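Undergrad:
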Amino acid sequence: MNENSNLELKATEGTISISPKLKMTKRMAINICEQIIMQCGTLNNYKRVSAKMIQFSCMVNPVKIMLFIRELDRNFIINVNHLNRSLDGDIENAPYYFKLFLTIPDKE
62 MNENSNLELK
72 ATEGTISISP
82 KLKMTKRMAI
92 NICEQIIMQC
102 GTLNNYKRVS
112 AKMIQFSCMV
122 NPVKIMLFIR
132 ELDRNFIINV
142 NHLNRSLDGD
152 IENAPYYFKL
162 FLTIPDKE
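Everything in the sequence shown is counted per our numbering, starting at 62 for the first residue and increasing by one.
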């Protein structure tokens, strides 16, 4: 009758690019990102994309999505915010998967 694939919740996917508002080290910026992600959801992993860019893959609880964006905005400049909303399933209960790109400018 019902297949498992039909019962799965479809997730909302997002891509956010950020850079620090204040002067900070790369380690400090990574720690702040980790804290925000862990406060609002789950950190899947992070990796260095280039010398200046770190990519975080995370899942954010839908109830805490506004807190997630607000905390990012408090500490970082949000350069790009792109969401792909799924039209299938119960979107209010579906998780938000984000790729968060942190860019650290050169030291002056």
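For glycine and all other residues, C-beta sits at the position ideal for the given N, C-alpha and C.
Source: prediction; values computed, not measured.
When the distance is taken between beta carbons, is F117 closer than 8 Å to L104?
TA: Contact flag set, yes.
Undergrad: If contacts are defined as beta-carbon pairs under 8 Å, then F159 and G75 qualify, I think. What distance do you get, rounded to the angstrom?
TA: Right, the Cβ-Cβ distance comes to about 5 Å (below 8 Å), so this counts as a contact.
Undergrad: By DSSP's criteria, C119 is part of a beta bridge. Which residues make up the other side?
TA: C119 pairs with L104, F159.
Undergrad: Determine which residues share a DSSP beta bridge with I138 and list them.
TA: Paired residue(s): S80.
Undergrad: May I have the straight-line CA-CA distance separating I97 from D167, to the nearest angstrom?
TA: Spanning the two alpha carbons is a distance of roughly 23 Å.
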